[in-house]
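Number of protein chains: 4
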Amino acid sequence: MKVGIIGAGRIGKVHAQNISMFVPEMEIKAIADPFANEETESFAKRFGIPVVSKEASTILEDPEIEAVLICSSTDTHSKYIIESAQAGKHIFCEKPIDYDIAMVRKAIQSAEDAGVKLQIGFCRRFDHNHRAVYDMVQNGDVGTPHIIKISSRDPEPPPISYVKVSGGIFYDMMIHDFDMARFLAGSEAVEVHTQGSVLVDPAIGEAGDVDTAVVTIRFESGAIAVIDNSRKAVYGYDQRVEVFGSEGCAVNANDTPNTAVLMKAEGTISGTCYKVMWDRYTGAFVEEMKAFADAVVNGKEVPVTGMDGLYPVLMAAAATLSLKEGRPVKISEVE
Amino acid sequence: MKVGIIGAGRIGKVHAQNISMFVPEMEIKAIADPFANEETESFAKRFGIPVVSKEASTILEDPEIEAVLICSSTDTHSKYIIESAQAGKHIFCEKPIDYDIAMVRKAIQSAEDAGVKLQIGFCRRFDHNHRAVYDMVQNGDVGTPHIIKISSRDPEPPPISYVKVSGGIFYDMMIHDFDMARFLAGSEAVEVHTQGSVLVDPAIGEAGDVDTAVVTIRFESGAIAVIDNSRKAVYGYDQRVEVFGSEGCAVNANDTPNTAVLMKAEGTISGTCYKVMWDRYTGAFVEEMKAFADAVVNGKEVPVTGMDGLYPVLMAAAATLSLKEGRPVKISEVE
Amino acid sequence: MKVGIIGAGRIGKVHAQNISMFVPEMEIKAIADPFANEETESFAKRFGIPVVSKEASTILEDPEIEAVLICSSTDTHSKYIIESAQAGKHIFCEKPIDYDIAMVRKAIQSAEDAGVKLQIGFCRRFDHNHRAVYDMVQNGDVGTPHIIKISSRDPEPPPISYVKVSGGIFYDMMIHDFDMARFLAGSEAVEVHTQGSVLVDPAIGEAGDVDTAVVTIRFESGAIAVIDNSRKAVYGYDQRVEVFGSEGCAVNANDTPNTAVLMKAEGTISGTCYKVMWDRYTGAFVEEMKAFADAVVNGKEVPVTGMDGLYPVLMAAAATLSLKEGRPVKISEVE
Amino acid sequence: MKVGIIGAGRIGKVHAQNISMFVPEMEIKAIADPFANEETESFAKRFGIPVVSKEASTILEDPEIEAVLICSSTDTHSKYIIESAQAGKHIFCEKPIDYDIAMVRKAIQSAEDAGVKLQIGFCRRFDHNHRAVYDMVQNGDVGTPHIIKISSRDPEPPPISYVKVSGGIFYDMMIHDFDMARFLAGSEAVEVHTQGSVLVDPAIGEAGDVDTAVVTIRFESGAIAVIDNSRKAVYGYDQRVEVFGSEGCAVNANDTPNTAVLMKAEGTISGTCYKVMWDRYTGAFVEEMKAFADAVVNGKEVPVTGMDGLYPVLMAAAATLSLKEGRPVKISEVE
């Protein structure tokens with residue numbers, strides 16, 4: 004299967020490398036980026052990508068290309084989904100589809116109308132640790148889920164300039180966790196309540212956002228989830244999930260670069276956590292691309308659908324409103 | 004220092020044994036219980052307690068006795084606090100003081116008026132694992148607390164008969180965690196929001212309670228706490244706390260009876276958690292009594308004051324109201 | 004069952020306290036020590052022990068006393084075993100029975116001749132972590148044992164004066180591990196090979212001993228054990244065992260005072276290990292005494308027999324000879 | 004830097020993929036294998052390798068190629084080292100260089116004479132967990148090493164046909180651990196003593212080998228190492244190292260595919276270990292190749308020298324002799 008990649012930034016390149024090394028079913032024919040330059044050419048050469056272009060249309064109009072990976076900036080996602088769908092190409096699109104719920108729906112509809120597959124890049128579903136918890140839940144090992152706990156903390160806040168345009172912590176950060184909560188709960192969210200504070204950097208507050216947030220979610224099943232986010236964990240990425248249910252509890256530990264510990268007179272010391280996101284989620288990017296290739300080549304359902312792209316955006320909208328109004332907000336209020 | 008114990012049930016005996024073995028500053032002169040019998044006599048003999056009585060007054064009127072341990076049923080706590088205070092005796096009282104906030108205040112006042120020490124039996128503050136996290140926080144190791152997480156799950160629900168009279172999950176179970184949240188946060192609660200479900204046993208719902216609850220708490224400092232409770236963890240007691248702050252994160256693991264693991268073809272297996280509360284908190288009961296002895300003998304402040312007994316009751320009242328009305332409730336609404 | 008304790012030093016007192024608190028089948032009638040003083044009297048009073056004496060004969064001649072706990076200095080162990088046996092009393096004796104193999108045999112024989120029970124104080128067999136590994140092995144979970152690994156390291160070397168008279172590291176320290184190796188292997192040792200070095204303190208070498216030793220043991224079953232000892236682990240007691248077999252591997256972790264960890268920018272830190280032996284093995288002393296009471300009261304086999312006291316001494320003798328001659332030594336050479 | 008790979012089997016391909024993805028300083032110009040076929044061609048195309056040949060001479064005679072990776076069968080290693088050295092090319096050679104100590108010396112000499120770099124493929128030195136322990140030791144965190152412990156167990160024995168020609172467990176399996184012991188000890192081995200048994204499969208014994216072995220090693224520094232090997236750990240690869248020293252103890256845990264655990268009524272279960280060597284050591288292969296590229300491109304010392312290839316062979320020879328003769332063997336006896 005020949006594929007094209009729209010967007011040659013960091014994430015586009017990561018997908019390209021992973022396909023080259025780990026996804027033999029795929030062959031990258033073209034990579035397109037308005038800022039494509041010599042360095043892009045050299046990268047393409049090393050990984051055997053014959054075509055480099057500044058125009059997405061080079062990919063969209065190439066009849067040989069069966070699938071498109073949309074790795075461009077968020078504001079172009081829904082546009083390229085629609086164009087790719089209309090061109091009859093299967094689509095892998097980075098998250099989120101759009102901040103505008105109507106646009107998200109439109110993009111999903113276009114893929115459906117065209118009968119093409121649409122997979123959203125919620126890579127954490129493919130993380131080895133999170134997936135292992137999910138598998139335990141799916142396997143019935145915890146029985147019926149009652150409580151879901153997700154901790155998700157970043158090593159450093161993004162630049163204030165980014166905070167101002169990202170839509171805020173619920174859209175740019177907790178959206179991963181909203182997806183994870185649904186994924187683990189196996190049920191849809193009914194109501195969301197937010198507690199948020201500005202404790203890391205007052206400038207984040209001045210930009211209208213919070214940097215510390217705890218959100219509780221009630222699901223249709225009666226299960227309750229709680230997500231905590233902080234923009235700044237001095238010790239690095241902290242990403243843990245837990246599903247407690249009628250028959251047991253599945254829980255993972257944060258990932259660390261190694262297992263060594265040092266026992267000293269003053270205590271036992273182990274290494275720091277990952278401080279770079281790409282190191283923390285290396286394997287997850289590989290696995291999601293394998294899953295997309297498998298879905299397209301073998302005609303299977305994609306593991307993260309367009310609707311899976313929509314719901315976290317609804318939850319982010321409800322969490323934002325809850326914070327603003329200081330009350331629980333029903334998902335039905337923001338649909 | 005001679006002490007008397009009111010109540011010769013399980014907890015009264017545990018305190019008696021611990022004093023005998025680990026608290027040389029104390030000598031138990033009398034134990035009183037309306038149901039005192041031969042078995043009580045035999046117990047007293049083994050641990051060198053000279054006086055056994057059916058009347059609390061035997062203790063309250065004995066001028067040699069300097070301190071009273073109130074280990075009777077909850078409905079008698081505030082009464083005995085007041086009487087002990089009036090008799091000029093220092094008081095250790097099991098939690099909770101009372102479900103009636105006015106009575107709690109009255110009991111605290113009486114101890115204050117009499118100038119006697121009053122320590123409340125929130126034993127978890129003395130648990131080796133929780134205390135270690137607290138010490139890290141106090142030591143400044145996590146900087147300013149931002150997020151506090153407490154998981155507290157029991158192996159089995161209490162009998163329905165108990166649920167009906169206990170005041171519900173927030174008063175009989177989460178009250179420990181409300182105390183722990185304040186203890187770790189080093190700040191007072193401002194607002195509480197509850198998500199609760201009946202997922203373990205419908206009979207609990209019929210009795211007007213929930214069996215699964217997630218409560219978020221906003222503190223004056225801006226820190227946010229989340230407590231999750233379940234009446235039934237099939238794997239045994241699960242008690243973990245975490246304090247995430249500006250400089251780090253202190254977190255403990257659940258306590259287990261041993262550290263052995265078994266590596267097998269099908270996975271690695273370690274032992275079950277504690278399934279009996281007394282085993283889980285053995286050391287904590289010893290430590291709290293040592294602390295009480297230290298406070299009385301050496302004229303120090305008690306580590307868990309009467310006000311520390313009041314605030315968790317206020318939080319339980321707010322959590323109960325939040326569940327009922329489906330909205331965040333301010334502590335000031337229930338004071 | 005009434006018991007008498009010969010020796011009112013640290014270990015004698017620990018057994019007295021444990022019996023008082025945890026072993027209701029036993030009642031301590033007398034404690035004897037040539038150095039008994041006021042402090043011994045006061046201790047006895049607190050734990051309800053009616054008789055304090057300077058003479059062991061007070062105990063040995065008391066017809067009411069059914070069992071004797073020998074907690075005196077090592078050089079008196081075999082003598083008191085023989086006298087207690089002749090007096091028809093069941094015996095619990097601290098390890099080792101004697102450094103002289105002939106005396107060990109004689110002591111064992113005397114108990115056998117008198118038909119009294121003789122239990123040796125290898126308390127580590129009752130440690131929660133080691134016992135859990137043992138139980139896994141007994142349960143068949145690891146299949147046939149192939150490799151046994153024991154790490155045993157002390158926080159500080161004993162005084163040189165002790166090293167000079169103790170018989171050396173194999174007799175005063177590794178003897179516990181020789182017992183543990185047999186206990187876990189379920190087979191008798193055939194050959195021992197020692198590697199030893201003086202790396203901690205040259206004074207230990209000058210006293211004719213080593214402070215760092217690694218001993219391999221071949222068992223009749225073909226299983227191989229390796230024990231490593233160091234006189235000085237700066238981080239505290241380090242006691243771990245592992246049994247690898249045809250069907251799995253049972254391994255424990257070192258015991259720590261609590262489970263709290265601190266995640267910081269510079270790494271994750273957990274607490275130090277135990278630095279005081281009594282804290283490390285608190286529970287083991289209780290369990291061994293419960294087992295002795297159970298054996299005597301219920302007519303069961305004692306869990307650590309006189310022969311269990313002999314074999315580790317043989318292994319220590321072989322290990323000492325191996326170190327001296329730089330070759331593997333068969334157990335049959337030292338019997 | 005252009006490189007050629009001799010040997011297109013599994014390990015040759017792994018190095019090719021890793022270079023393509025992670026080592027931008029290198030460009031693979033040719034791959035040679037007497038069994039090169041269509042599949043090899045297709046592999047080469049995907050990773051942009053222009054030349055595929057059946058003759059190693061294609062690589063050795065290509066003046067553009069600066070470095071050679073020797074990934075062919077062991078019996079050809081020393082031959083290709085000598086030829087590559089004579090052709091003036093830097094050399095990365097898989098371990099072991101040769102079973103014949105004289106040939107090892109000759110190969111090393113040839114590289115030295117030619118002034119080319121020679122790195123041996125002891126990949127475990129680059130494993131994240133082992134490296135972390137090594138770094139702690141190098142950093143002085145454990146002080147002077149006293150005891151080194153290495154557990155190394157494979158999931159399944161190799162075919163008997165392999166056992167017959169491999170030189171035995173000390174040459175084909177423990178050789179990695181001999182290297183690791185030297186690497187961690189920072190000292191040379193003086194004496195080796197072996198305990199070995201046939202406990203896994205009698206056919207291994209009939210082939211003249213053992214399947215379970217514990218080897219102790221005395222180093223010049225006085226440090227003592229112990230290595231245990233088993234041909235069959237039912238739970239998968241078990242690879243752990245520990246360095247205990249005057250100032251602390253560095254120890255790692257076995258690597259596992261994920262950190263998830265499942266708490267159930269019957270115990271807590273975590274996932275199995277790795278069962279495929281390539282999964283266990285994925286990262287190590289990448290790191291060793293990066294280190295080789297760095298050494299060649301930046302004129303640094305290679306991290307695993309030819310002499311590092313020789314010493315483990317000497318240790319294997321001594322361990323084999325010790326097993327045969329039932330006595331400790333000095334390294335000087337086999338040099």
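Protein chains in written order, with my numbering: chain G, 4 to 338; chain F, 4 to 338; chain E, 4 to 338; chain A, 4 to 338. The C-beta atom is built at its ideal place from N, Cα and C for all residues, glycine as well.
Taken in chain order, the complete beta strand (DSSP E) segments of 3 residues or longer contained in the segment 101-169 of chain E are 121-123, 148-156. At least one C-beta of chain G is nearer than 8 angstroms to the C-beta of leucine 265(A).
Annotation: the continuous alpha helix (DSSP H) that includes glycine 208(F) extends over 205-209. Residues of the segment 82-105 of chain E with a Cβ closer than 9 angstroms to any Cβ of chain F: none. Contact annotation for glutamate 159(F) against chain A: no contact, minimum CB-CB distance about 11 angstroms [criterion: below 7 angstroms].
Restricting attention to Asp65(F), Pro260(F), Asn255(F), Lys120(F), the CA atom closest to the CA of asparagine 255(E) is found in Pro260(F). Residue pairing by DSSP places isoleucine 334(G) opposite no residue, since no beta bridge is assigned to it.
With respect to chain F, the C-beta atom of glycine 270(A) has a partner C-beta closer than 8 angstroms. In this structure, isoleucine 100(F) keeps its C-beta atom at 8 angstroms or more from the C-beta atom of histidine 131(F). Distance between glycine 171(G) and isoleucine 151(E), taken at the CA atoms: about 56 angstroms.
When only Cα atoms are considered, isoleucine 94(G) and proline 161(G) end up about 28 angstroms apart.
For lysine 16(F), no beta strand (DSSP E) run applies; the uninterrupted alpha helix (DSSP H) run containing it begins and ends at 13-25, by DSSP. Restricted to the segment 224-285 of chain A, the beta strand (DSSP E) segments that are unbroken, complete and at least 3 residues in length are 227-233, 241-248, 251-254, 264-267, 270-273, listed in chain order. In the three-state scheme derived from DSSP, where H, G and I count as helix and E and B as strand, threonine 308(A) is classed as coil.
Beta-bridge pairing by DSSP links threonine 79(G) to no other residue. In this structure, the beta-carbon distance from alanine 35(A) to isoleucine 9(A) falls below 8 angstroms. With fewer than 16 other Cβ atoms inside 10 Å of its own Cβ, arginine 13(G) counts as exposed. Within the segment 230-245 of chain A, the residues whose Cβ lies closer than 9 angstroms to any Cβ of chain F are, in chain order, Ala236, Val237, Tyr238, Gly239, Asp241. Looking at the DSSP output, isoleucine 34(E) bridges to Ile8(E), Val55(E). Apart from sequence neighbours up to five positions away, the residues of its chain that approach serine 75(G) with a beta-carbon distance below 6 angstroms are Ile9, Gly10, ordered along the chain. By a beta-carbon distance limit of 8 angstroms, valine 246(F) contacts proline 148(F). Their separation comes to about 5 angstroms. Cβ contact annotation for alanine 90(F) (same chain, cutoff 6 angstroms, sequence separation greater than five): Leu63, in chain order. Leucine 187(F): member of the alpha helix (DSSP H) spanning 177-188, first to last residue. Among the residues of chain F, none has a CB under 7 angstroms from the CB of threonine 323(G); the nearest is roughly 16 angstroms distant. Listed along the chain, the chain F residues whose CB falls inside 8 angstroms of the CB of arginine 49(E) are Ser23, Pro27, Gly51.
Neighbours of cysteine 252(A) in chain G, taken as residues whose beta carbon is under 7 angstroms from its own, are Met266 in chain order. Taking 8 angstroms as the cut-off, the beta carbon of glycine 124(F) is found closer than this to the beta carbon of glutamate 291(F). With its beta carbon less than 8 angstroms from one in chain F, isoleucine 150(G) belongs to the interface. The beta-carbon of serine 154(E) is placed no less than 8 angstroms from the nearest beta-carbon of chain G.
The three-state secondary structure of isoleucine 68(A), taken from DSSP, is coil.
At least one CB atom of chain A sits nearer than 8 angstroms to the CB of threonine 275(F).
Taking a contact to require three or more Cβ pairs closer than 8 angstroms, the segment 179-190 of chain E and the segment 279-289 of chain E do not qualify as touching. Annotation for aspartate 204(A): Pro160, Asp214 place their beta carbon closer than 7 angstroms to its own, counting only its chain and skipping 5 residues before and after. A distance below 6 angstroms between beta-carbons, with the five flanking residues on each side excluded, links glutamate 223(E) to the following residues of its chain, in chain order: Ser190, Glu191, Val193.
In the structure shown, the three-state DSSP call for valine 289(A) is helix. Nearest to lysine 57(F) by alpha-carbon distance, out of Glu44(F), Ala135(F), Tyr314(F), Ala88(F), is Glu44(F).
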